[in-house]
Amino acid sequence: MFGRNSKVNLELNREVEKLIKTGGKEQLLPIVQAGEPVLRQQTAAYEGQLSRKTLDKLIETMRVTMIEAPGVGLAATQIGLGLALAVVEDHVRDDDDDDPREAAEFPFHVIINPSYEPIGTETRSFYEGCLSFDGYQAVRKRWLDITARWQDEDGKQHEEHLHGWPARIFQHETDHLSGELYIDKAEIRSLVTNENLEDFWCDDPVPNEAAAELGFEL
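Rendered as structure tokens:
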């Protein structure tokens, strides 16, 4: 559990409840786009500021919003909330066997106060997108292997070695919580619309090891 002495921030709790209600019955929240200040802010550590009921509703609303977007991750900043919390989820597809991104099953996780550090020095560069930079993708270099650390919704600490595409997803979402967008360190000359990526680049090799046939929005 989060600390016994943790205290619900009633004002913040009310604001989050209002935010959740904007999703309506469909539980779909608008996703903040690049240029909104919240995407550039360092988030506050989550220490139990929300009631468990509100936290659970927030997590479910974020998961629904992520899946419907569609995406494989969504950080709290992307719905305008400055707390160190994100949701991630991705699943292996039938055509992933020869995927150079090294896709792997990544079941639903709530990652609270996440951090990571590289294991070794190997990196990979692939096209990457973002639901908060909608319609575009660019080549981004990331660590191939990381040690990922986070707390779950019960406050339990986790540490796991992540490799390949799950490691990329975790890095992407964790970076969001410190005010970083993937485009900050992307190969800018590779920036392309989703449509042009499919029309012109899918079947051709691209620089910096970016051999992925598909770019997925994170």
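Counting from 1 along the sequence shown, just add 153 to a position and that's the residue number in my numbering. From the three backbone atoms N, C-alpha and C, an ideal C-beta is built for every residue, glycine too.
Using a Cβ-Cβ cutoff of less than 7 Å, which residues in the same chain neighbour F290 once the five nearest sequence positions on both sides are dropped? The sequence given here has Gln at residue 290, not Phe. The residues Y280, E281, G282, V345, N347, L350, G368, in chain order, have a CB closer than 7 Å to that of Q290 in the same chain once the five nearest residues on each side in sequence are set aside.
Cβ separation of P319 and D298, assumed to be a contact under 8 Å, to the nearest whole Å: That belief does not hold up - the Cβ atoms of P319 and D298 are roughly 10 Å apart, past 8 Å.
Helix, strand or coil for G224? Go by DSSP, reduced to three states. coil
Please report the straight-line C-alpha distance between T276 and L163, rounded to a whole angstrom. Using only the alpha carbons, I get a separation of about 43 Å.
Compare the Cα-Cα distances from E333 to each of E179, G177, V191, E170 and report the closest residue. V191
So the candidates are K160, E200, T196; which of them puts its Cα closest to the Cα of E326? Nearest of K160, E200, T196 to E326, Cα basis: T196.
Cβ-based burial, D243 [other Cβ within 10 Å; buried from 16]: buried
Just verifying my parser: in three-state terms, what is the DSSP assignment at T346? In this structure, T346 counts as strand in the three-state DSSP scheme.
Mapping DSSP to helix, strand and coil, what is L208? L208 falls in the helix class under three-state DSSP.
Alpha carbon to alpha carbon, how far is N266 from I212? Computed Cα separation, rounded: 14 Å.
For I322, the nearest candidate out of T300, S159, G308, I341 (CA to CA): T300
Apply the 10 Å Cβ neighbour rule to Q231 and answer buried if 16 or more other Cβ atoms are within range, or exposed otherwise. buried
Suppose you measure from the CA of Q194 to the CA of E168; what does that come to, to the nearest Å? 18 Å
In chain order, what residues of the same chain lie with their CB nearer than 6 Å to the CB of V359, ignoring the 5 residues before and after it? Residue confidence is low: V359 scores 39 on pLDDT, short of 50, so the model does not pin down where it sits. Its coordinate-derived value is still stated next. Once the five neighbours on either side are set aside, V359 has no close Cβ partner at all.
Pull up the distance between the alpha-carbon of V241 and that of M215, whole angstroms please. 10 Å
Which whole-angstrom value describes the C-beta separation of L165 and Y199, a residue pair presumed to lie in contact below a C-beta threshold of 8 Å? So it is not a contact: roughly 11 Å between Cβ atoms.
So the beta strand (DSSP E) P239 belongs to, where does it begin and stop? In the sequence as displayed, the identity of residue 239 is Ala instead of Pro. Residues 238 to 243.
By how many angstroms is the C-alpha of S343 removed from the C-alpha of V263? 31 Å
W303 to G273 span [Cα, whole Å]: 20 Å
With 16 other CB atoms within 10 Å as the buried threshold, where does E259 fall? Correcting the residue type first, residue 259 is Phe in the shown sequence and not Glu. Under this definition F259 is a buried residue.
In the structure shown, what three-state DSSP assignment does D335 receive? The displayed chain sequence assigns Tyr, not Asp, to residue 335. Helix, per DSSP.
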